[in-house]
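Structure, as structure tokens:
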Amino acid sequence: MTTPTGARTFETILAEVTDNIGTITINRPDKRNALSKTVLAEIEEVLDQWEGSAEVQAVIFTGTGEKAFVAGADISQLQHYDLH
248 MTTPTGARTF
258 ETILAEVTDN
268 IGTITINRPD
278 KRNALSKTVL
288 AEIEEVLDQW
298 EGSAEVQAVI
308 FTGTGEKAFV
318 AGADISQLQH
328 YDLH
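Numbering-wise, my numbering comes out as the position in the sequence shown, counting from 1, plus 247.
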């Protein structure tokens, strides 16, 4: 059985549960799935929703695209911080 995660549509991830396995897919192939603040917040939201649920017994992380699973932190967001 495949079920979507609530009625929420996410901006940067896909989340579903199939046969008691939750799958979170980072969906930013143009950025090689770099972890932005939005990605991390959406992952946290899904994991909070699944925590303690009998429906989810394991979680798999994956990424879209062919170049990278995850490039790491999205450093383009650092330009907004004063690092001096």
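No residue lacks a Cβ here, since even glycine has one placed at the ideal position from N, Cα and C.
Computed from a predicted model, the values in this text were never measured in an experiment.
One or two residues paired with Ile273 in a DSSP bridge: Ile273 is bridged to Ile260, Gly310.
Residues that DSSP places opposite Ala320 in a beta bridge: Leu282
Reference Lys278; option with closest CA among Leu325, Val317, Gln326: Val317
With 16 other Cβ atoms within 10 Å as the buried cut-off, status of Ala301: exposed
Bridge partners - Ile268, DSSP secondary structure assignment: Thr265, Ala305
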